[in-house]
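Scroll down for the structure; my scribbles are underneath it.
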Amino acid sequence: MRKVNLVEASQHLSELIEAAMRGEEVIITQDGQPVVQLVPIPTEKKRYPAKAGTAVGLVTIAEDFDDPLEDFKDYM
Numbered sequence: 001m002r003k004v005n006l007v008e009a010s011q012h013l014s015e016l017i018e019a020a021m022r023g024e025e026v027i028i029t030q031d032g033q034p035v036v037q038l039v040p041i042p043t044e045k046k047r048y049p050a051k052a053g054t055a056v057g058l059v060t061i062a063e064d065f066d067d068p069l070e071d072f073k074d075y076m
């Protein structure tokens, strides 16, 4: 863990950002108290397209799916 005060952080910001991107914990302090933690933004995991057939059996359609609804029989 690397602790630096605010003045030092402003002078070496690019170095501190690089350290955080490498996974090093960087804490910036003000008056001896921690106020900011630099952490890298997590990269998005690579998504692979779904393979055909992987959801077979998960969705079912009722037998009467396309039958007229009771509430609409008066209008038909």
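Residue numbers for the sequence shown follow full-length UniProt numbering, beginning at 1 and rising by one.
Cβ coordinates follow ideal geometry from the N, Cα and C atoms, glycine included.
*For residue 34, which residues of its own chain have a beta-carbon under 8 Å away from its beta-carbon, when the five flanking residues on both sides are left out?*
3, 27, 28
*Under 8 Å by Cβ, that's how I've got residue 20 and residue 40 pegged, so tell me the actual separation to the nearest angstrom.*
6 Å
*Nearest neighbour of residue 36, chosen from 12, 14, 6, 48 [CA to CA]*: For the residues 12, 14, 6, 48, the minimum Cα distance to residue 36 belongs to 6.
_For a test of the three-state rule: what should DSSP assign to residue 38, helix, strand or coil?_
strand
*For residue 1 versus residue 18, is the C-beta distance shorter than 7 Å?*
no
_Mapping the DSSP letters down to three states, classify residue 28 as helix, strand or coil._
In the structure shown, residue 28 falls within a strand segment according to DSSP collapsed to helix, strand and coil.
*Assuming residue 69 and residue 38 form a contact by the criterion Cβ under 8 Å, report the distance between their Cβ atoms to the nearest whole angstrom.*
In fact, because the Cβ distance is near 58 Å, the residues do not count as touching under 8 Å.
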